[in-house]
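Chemist: Heads up: take any position in the sequence shown, counting from 1, add 38, and you land on this note's numbering.
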Amino acid sequence: IEDHFHLFDYDYDHDDEQLAHEIQQQLSHNSNQMEMIQRLVSRKYELELWREEIQYLKNYQKENQWPSSFRYIHVGIPPFIETITDHTIRQRLIDQHKQILQDYKRQLLQLLMTMSEEIYSKIQTAFNRDMSLFWNYQHSLP
39 IEDHFHLFDY DYDHDDEQLA HEIQQQLSHN SNQMEMIQRL VSRKYELELW REEIQYLKNY
99 QKENQWPSSF RYIHVGIPPF IETITDHTIR QRLIDQHKQI LQDYKRQLLQ LLMTMSEEIY
159 SKIQTAFNRD MSLFWNYQHS LP
């Protein structure tokens with residue numbers, strides 16, 4: 039800054055130096071504030087995405103439906119079951135097979151919900167910590 043004042047043949051005194059220092063501090067504060075705000079906005083966006091994901095999973099569970107990705111979870115009925123001549127036994131085994139697959143999908147959905155809630159909780163904790171740091175920083179400014 040002092041170099042710029044010499045271009046205009048201006049005497050650079052202590053008041054000017056203090057003003058320049060205050061301006062640089064303010065710019066530094068603004069930069070820090072912007073970084074903190076950007077981090078808060080990013081975390082809030084992540085929270086919203088995970089909150090929606092959890093809600094979708096809960097809706098699937100409530101409506102007893104599966105996410106579209108579950109369509110690819112398919113285990114065919116073992117061929118030996120088709121060879122069973124007793125219709126009652128064959129049907130019971132087919133029903134058990136279907137039930138096992140349904141239970142697996144239900145457990146997988148529950149696991150996805152639990153994992154999503156864990157991630158949401160960690161992001162919420164990080165957001166709260168960042169918000170606290172931001173407010174502490176704001177209140178420490180002159």
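For each residue, glycine too, the CB sits at the ideal point set by N, CA and C.
Figure out for me which residue from 68, 69, 80 has the closest Cα to the Cα of residue 164.
Modeler: If we check each option's Cα against that of residue 164, 80 comes out closest.
Chemist: Among residues of its own chain, excluding the 5 on either side of residue 132, which ones have a beta-carbon nearer than 8 Å to its beta-carbon?
Modeler: If we look at residue 132 and ignore the five residues flanking it on each side, its Cβ neighbours are 115, 119.
Chemist: If residue 88 and residue 154 are in contact, beta carbons under 8 Å, what's the gap, nearest whole angstrom?
Modeler: Confirmed, about 6 Å.
Chemist: Is the CB-CB distance between residue 147 and residue 99 below 7 Å?
Modeler: Yes. Within cutoff.
Chemist: Quick one: Cα of residue 43 to Cα of residue 68, how far?
Modeler: Summary for residue 43: the model assigns pLDDT 45, below 50, so the residue's position carries little reliability; its value from the coordinates is reported in the next sentence. The straight-line gap from Cα to Cα measures roughly 24 Å.
Chemist: Thinking just about the alpha-carbon of each residue, which of 102, 166, 72 is nearest to the one in residue 82?
Modeler: Nearest of 102, 166, 72 to residue 82, Cα basis: 166.
Chemist: Rounding to the nearest angstrom, what Cα-Cα distance links residue 96 and residue 178 in this structure?
Modeler: Roughly 43 Å between the two C-alpha positions.
Chemist: Which of the three DSSP states, helix, strand or coil, is assigned to residue 126?
Modeler: In the structure shown, residue 126 sits in a helix (DSSP, three-state: H, G or I).
Chemist: Using the C-alpha atoms, what's the distance from residue 73 back to residue 172?
Modeler: About 10 Å.
Chemist: Could you tell me how far apart the beta carbons of residue 108 and residue 143 are, in whole angstroms, since I believe they sit closer than 8 Å?
Modeler: The pair is a contact, with the Cβ atoms about 6 Å apart (cut-off 8 Å).
Chemist: Mind checking whether residue 150 and residue 113 have CB atoms under 7 Å apart?
Modeler: No, Cβ-Cβ distance for residue 150 and residue 113 is not below 7 Å.
Chemist: Could you tell me the distance, in whole angstroms, from the CA atom of residue 136 to the CA atom of residue 117?
Modeler: Distance between the alpha carbons of residue 136 and residue 117: 14 Å.
Chemist: Out of 84, 168, 128, which one is the CA nearest neighbour of residue 158?
Modeler: Nearest option by C-alpha distance: 84.
Chemist: Grab me the residues of residue 169's own chain with a C-beta within less than 7 Å of its C-beta, minus the 5 sequence neighbours each way, in chain order.
Modeler: Contacts found: 78.
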